[in-house]
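**Q** Quick one: the structure is below, and I'll ask about it shortly.
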Amino acid sequence: MSDLVRFGISLDKHLSDKFDKQIKKKGYANRSEAIRDLIRNNFVQQQWEDQDEVAGAVTIIFDHHKRELQSKITDIQHDFHGIIMASQHIHLDHNNCLEIIAVKGRAKEVKRLSDLLSAIKGVKHGTLNMSTTGEGIL
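Quick look at the structure:
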């Protein structure tokens, strides 16, 4: 810990209590490590948005009984074939499917793909999970 910097922050008691409960639930040893992760996550988010080439995963849950839905999902994926690395289709139960789409490409294109898939009628939930190699972060 050669270049360790210490600083203080002020928080509302209610916010501090909620934070303490959250970090305990997540298994952090102390507030410092939790705050370091929050700061790192912020830098990763910013780096992801600023870079030309990014990596991540689009996850959608949808009703497989919805007419033509799977076809629409596939058509959109074909339109973005240049940024899709792989996809996995999982049957959650009789009515619901989960699709995980690994992506690598320009941030705007990845976001556009995620938005288009999430907006299709019959898609119950969609998320875009971002990651980075960490280069230049810390």
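For what it's worth, this note's numbering labels the leading residue of the sequence shown as 16, then goes sequentially.
Glycine included, every Cβ here is placed at the ideal spot set by N, Cα and C.
Computed from a predicted structure; not experimentally measured.
Is it right to say residue 97 is buried, meaning 16 or more other beta carbons lie within 10 angstroms of its own, or is it exposed?
**A** Counted from its first residue, the sequence shown places residue 97 at position 82. So residue 97 counts as exposed.
**Q** What residue range is occupied by the uninterrupted beta strand (DSSP E) comprising residue 118?
**A** Counting from 1 along the sequence shown, the entry for residue 118 is found at position 103. Here the beta strand (DSSP E) through residue 118 covers 111-120.
**Q** Quick one: is residue 185 buried, meaning 16 or more other Cβ sit within 10 Å of its Cβ, or exposed?
**A** Nothing can be reported for residue 185: it is not among the residues displayed for the chain, which extend from 16 to 153.
**Q** Output needed for residue 41: all residues of its chain with C-beta closer than 8 Å, excluding positions within five of it in sequence on either side, in chain order.
**A** Walking along the sequence shown from the start, residue 41 turns up at place 26. Result list for residue 41: 49, in chain order.
**Q** How many angstroms separate the CA atom of residue 25 from the CA atom of residue 125?
**A** The residue labelled residue 25 in the question sits at position 10 within the sequence shown. The residue labelled residue 125 in the question sits at position 110 within the sequence shown. Roughly 37 Å between the two C-alpha positions.
**Q** Please name the residue, chosen from 121, 95 and 75, that lies closest to residue 105 on a Cα-to-Cα basis.
**A** Taking the sequence shown and counting its residues from 1, the one referred to as residue 105 is at position 90. Comparing Cα positions, the closest option is 75.
**Q** Is the distance from the Cβ of residue 135 to the Cβ of residue 84 below 8 Å?
**A** Here residue 135 refers to the residue found at position 120 when the sequence shown is read from its first residue. Here residue 84 refers to the residue found at position 69 when the sequence shown is read from its first residue. In contact: residue 135 and residue 84 (Cβ atoms closer than 8 Å).
**Q** If we call anything under 8 Å between Cβ atoms a contact, is residue 128 one with residue 73?
**A** Counting from 1 along the sequence shown, the entry for residue 128 is found at position 113. Counting from 1 along the sequence shown, the entry for residue 73 is found at position 58. Yes. Within cutoff.
**Q** Quickly, what does DSSP pair residue 144 with across the bridge? List them, please.
**A** On the sequence shown, residue 144 is found 129 positions in, with the first residue counted as 1. BP columns for residue 144 point to 72.
**Q** Check for me: the beta strand (DSSP E) holding residue 102 runs from which residue to which?
**A** Walking along the sequence shown from the start, residue 102 turns up at place 87. Unbroken beta strand (DSSP E) run through residue 102: 99-106.
**Q** Look at the alpha carbon of residue 44 and the alpha carbon of residue 38, and state the distance between them as a whole number of angstroms.
**A** Stepping through the sequence shown from its first residue, residue 44 is reached at position 29. Stepping through the sequence shown from its first residue, residue 38 is reached at position 23. One C-alpha to the other measures close to 8 Å.
**Q** Taking the alpha carbon of residue 79 as the reference point, which residue from 86, 62, 110 and 92 has its own alpha carbon closest?
**A** Residue numbering aside, residue 79 sits at position 64 when the sequence shown is read from its first letter. Answer by Cα proximity: 110.
**Q** Leaving out five residues on either side along the sequence, give the residues of the same chain with a beta carbon under 7 Å from the beta carbon of residue 153.
**A** What you label residue 153 is simply residue 138 of the sequence shown in a count that begins at 1. Because the pLDDT of residue 153 is 49, which lies under 50, any placement of that residue in the model is unreliable, and the number read from its coordinates should be weighed accordingly. Result list for residue 153: 55, in chain order.
**Q** In whole angstroms, what is the alpha-carbon distance linking residue 34 and residue 51?
**A** The sequence position of residue 34 within the sequence shown is 19, counting from 1. The sequence position of residue 51 within the sequence shown is 36, counting from 1. Distance between the alpha carbons of residue 34 and residue 51 is about 14 Å.
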